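So the sequence shown is residues -23 to -1, 1 to 316, counted in mature numbering (1 follows the signal peptide of the UniProt record, and there is no 0).
What follows is one structure encoded as structure tokens, with my remarks underneath.
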Amino acid sequence: MTNVKRRLGVGLVAVGLAAAGGAALGTLPNGSPSIVHTADAVEPMGLYNNAQKKFAARDVAGGLADLKSMLAITANDPDALALQAIWADQEGDATTRDGALQRLTMVRPTAASQARGLVEGVTAAAAIVPSTSPVSAPAGSAIVILGYGLRPNGSMAPELVKRLEAGLAQAQASPSTPIFVTGGVPKKGITEAAAMQKWLVGRGVSASRITTEDKSTSTISNAQNTTELLRARGISQVVLITSPNHIRRGAADFAGAGTRVAATVTTPTELSRYAKPLTGSSIAGIRYEATQAAKIPVTKGAADMLPDTGPGLIGDLADKLLKELMKAGSSGQGQAPKP
């Protein structure tokens, strides 16, 4: 493994120079110094995947240890850096969190901004104490009402009606704020969003004020799909409406997707049960789901872990050759790709 690592850069340059110089490459004989091995791509890939498995199992320290080992090999992987920042925050390790964010800012500024928003959003979500009282909606925000599974006949479950009642009260308290209803999973040809819109319109809300998001199948996709619609309208923060047992997870998912939850309103269902904010390890669950809402890969394949061959002709050609060899199984046999 160590020898392969030492030879990888040399092998790539040798292959790239041969291609750039127009050398005819028929087959690459076994044992040739220019054969590109994928072993060092597999190692960081395995470390990344193991880290994600550990985060899912709430072994945060173990996951961070795997990421540290991975980043010693591939220091600029944006997904690993984002995860390191996000999970170091779970452990209260501000030094590692801030260091990862600083490096991520240099590697991929947009990813750093998203990771910061996720970290801040998860912290805020964990601190939510559910309340049924309408709030003062910030200027330029929207009201988002999360769906709830319809009955087999397409009618609304009582809890969804309660969410709509909470949303209606908020809509009446801020009459100029646009409303987004989100939920797919049709029953009898009716989506959650369509049923929600119909209910609101039937109680005096203008249909032109309501945007429906009817493709979502989960809280994660609620957040992702609604965020796209919000961005199209130039909206970056929302008042989120859902049930007490759902509000923290929903808020964390929206933060992961890139939407700030400025305030929340909930139904009265089991309100007292969720009166205490989440603390410590109990935050890990909503944090993990928020990383999925942020579309940070749960797993990576070998093609995701290709080394950086650098800019320019040689780097581009070497990268192309490496990808072709990996497609062929990295056997070192067969025709070389045309430059």
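Don't be surprised by glycine CBs; every beta carbon is placed ideally from N, CA and C.
Just so we're clear, the structure is a prediction, and the values are computed from it rather than from any experiment.
Closest Cα partner of residue i within the set the options
i	options	result
Val238	Ala42, Leu248 and Pro115	Pro115
Ile122	Arg128, Val138 and Ser132	Val138
Gly69	Ile212, Ala270 and Ile260	Ile260
Gly160	Ala271, Val182, Gln201 and Pro254	Gln201
Ala104	Pro254, Thr189 and Gly166	Pro254
Thr241	Ala148, Glu266, Leu95 and Arg264	Ala148
Ala170	Pro155, Glu190, Lys164 and Ser183	Glu190
Val84	Ala33, Ala101, Asn53 and Val96	Asn53
Ser118	Glu20, Ala89 and Phe157	Phe157
Ser183	Glu205, Pro155, Lys192 and Lys164	Pro155
Leu248	Ala150, Lys30, Ser110 and Gly76	Ser110
residue 339	Gly278, Ile224 and Asp281	Any property of residue 339 remains undetermined from this structure, which presents the chain solely from -23 to 316.
Thr87	Gly233, Ser108, Gly211 and Gly126	Gly233
Thr47	Thr236, Gly39, Glu20 and Ala59	Correcting the residue identity first, residue 47 is Met in this sequence and not Thr. Taking only the C-alpha atoms, the option nearest Met47 is Glu20.
Ala270	Val178, Met173 and Ser193	Ser193
residue 318	Ile263, Pro55 and Arg186	Lying outside -23 to 316, the shown extent of the chain, residue 318 is not represented and no answer is given.
Residue i (DSSP reduced to helix, strand or coil)
i	result
Ile122	strand
Ala34	coil
Thr72	helix
Leu217	strand
Val112	coil
residue 337	Residue 337 is absent from the model: the chain starts at -23 and stops at 316.
Thr154	coil
Thr276	coil
Lys164	strand
Thr51	coil
Thr159	strand
Leu145	helix
Thr82	helix
First through last residue of the alpha helix (DSSP H) which encompasses residue i
i	result
Glu266	Ala261 to Ala270
His234	In the sequence on display, residue 234 carries Ala and not His. Ile224 to Ala234 is the span of the alpha helix (DSSP H), which, as asked, contains Ala234.
Ala171	Glu169 to Val178
Ile63	Pro55 to Gln67
Ala102	Pro86 to Ala103
Opening and closing residue of the beta strand (DSSP E) in which residue i lies
i	result
Ile197	First-last for Ile197: Thr196 to Ala209, but that is the alpha helix (DSSP H), not the beta strand (DSSP E).
Arg237	Arg237 to Thr243
Leu255	Segment: none, Leu255 is in no beta strand (DSSP E) and carries neither H nor E.
CB contact below 8 Å: residue i versus chain B
i	result
Asp75	Here chain B cannot be found, since the structure has a single protein chain.
8 Å contact criterion, which residue i and residue j should meet: CB distance rounded
i	j	result
Gly131	Lys165	4 Å
Val106	Ala229	15 Å between Cβ atoms; not a contact.
Thr256	Ser220	Contact doesn't hold; Cβ gap of about 21 Å is too wide.
Thr196	Gly227	6 Å
Ala143	Ile218	5 Å
- Query: Three or more beta-carbon pairs under 8 Å between the stretch 20 to 28 and the stretch 269 to 282, yes or no?
  - Reply: yes
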